[in-house]
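Numbering (my numbering), first residue to last: 1 to 147.
A short write-up of the structure that comes next.
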């Protein structure tokens with residue numbers, strides 16, 4: 001028995017790279033890539049942008065772009081560390097004995113992006129969220145193969 005995955009489409013969201021052509025040009029260049037250029041966000045509703053971390057915003061924007069006009073069978077969101085920055089901020093607030101933000105609390109879990117995606121799309125598609133450190137991409141591929 002053999003298993004395979006076929007990549008039908010992909011999106012990159014980072015500073016200064018706003019298209020597949022930009023990504024391919026950068027990936028074939030030996031020069032490091034640095035820019036302060038804003039990251040283009042085109043598909044995330046403004047109501048979500050106000051509350052979401054940059055990581056969640058980029059994951060959502062990529063997922064929403066990739067699934068325009070589609071209804072996926074299964075969603076896998078993979079992030080090396082999930083929402084660790086926001087979780088750390090909450091822990092710091094607890095240590096300082098200051099009030100916790102309900103918004104920060106609700107968006108501090110590793111499945112924030114996939115949850116927001118299903119809300120935006122009004123979708124009940126099966127989904128999982130993986131945060132596995134350096135093994136994240138491997139675990140996401142195993143999850144896809146298992147599905």
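For glycine and all other residues, C-beta sits at the position ideal for the given N, C-alpha and C.
Treat the numbers as computed from the prediction; the structure is a model and nothing was measured.
- Taking a C-beta distance under 9 angstroms as the contact criterion, residue 130 and residue 140 qualify as a contact pair.
- The DSSP-derived three-state label of residue 117 is helix.
- For the pair residue 19 and residue 107, the Cα-to-Cα distance works out to about 28 angstroms.
- In the displayed model, residue 56 falls within a helix according to three-state DSSP.
- Counting along the chain, residue 85 sits inside no beta strand (DSSP E); it lies in the alpha helix (DSSP H) bounded by residues 84 to 96.
- The C-beta distance from residue 120 to residue 45 rounds to 6 angstroms, short enough to fall under 8 angstroms.
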